[in-house]
Amino acid sequence: MRKLFFYIVVVLLVSCSGEKIDYFPFEKINYFRLKSFETINSKDFSTFTKTQNDLVLQVKKVQGEIFRIDFEIERETPFQSPLIYFKKNENSIFFTTESYFTNELVYTLPLILPIDFKCFIEPFEIVLLGIEDLKLPKKELSNCGVFELKANFTTFRVWLASGKGIVKVEQTFPNKNTKKVWILSDFVNP
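Heads up: the sequence shown begins at -7 in the numbering used here, then just goes up one per residue.
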């Protein structure tokens, strides 16, 4: 389930890198570390408790214009990172889960997602909730794209900031008061 979630996040990140608002600046930034927390109120940082499950995303150039994304959640049961390859042209992002685009199964997405974006990649319904300002412990970021990925057993919200990429992920579960939160390490205290 986590593999699928992160695959979808990567697809959204790369799809949201347009010319004016670049939510996934992989040409400039190729390493992301998000610090992990548990909380009962994701807007009140005094309720945050640090956990040891940081999220790490790395973008690696494979050859030519083809890139690969690797991710891991530290100190959790190891799982194999799905092989996600992508390349970008002026209008679209192309994805495959097979190396070097040798497989016929290639996903194509428009470079800039419409504001009423909604799709279904089982088991998640994915909705672009809109653009909002996001207050983090060290900084407030404006014009963040917010996505919700919802399944029967969990819901994720993902915030993307122009020029920064993924800055916050929040996971909630039905019948649980606590949430898991990951915040880009640049915006939290050590």
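Don't be surprised by glycine CBs; every beta carbon is placed ideally from N, CA and C.
Taking a contact as a CB-CB distance under 8 Å, the pair Val159 and Leu141 does not count as one, their CB atoms being some 16 Å apart. Of Glu57, Phe24, Asn33, Thr43, the smallest CA-CA separation from Glu64 is found for Phe24. With respect to the 9 Å criterion, Thr170 and Ile32 are classified as neighbours on the basis of their beta carbons.
In this chain, the beta strand (DSSP E) harbouring Ile175 covers 171 to 176. Looking only at Lys130, Phe78, Ala153, the smallest Cα-Cα distance to Phe139 is reached by Ala153. Cβ neighbours of Cys111 within its own chain (closer than 6 Å, five residues either side excluded): Ile118.
Under the DSSP definition of a beta bridge, Gly137 partners with Ile123, Leu152.
Closest in C-alpha terms to Asn167, from the list Ser177, Lys20, Phe145, Asp108, comes Phe145.
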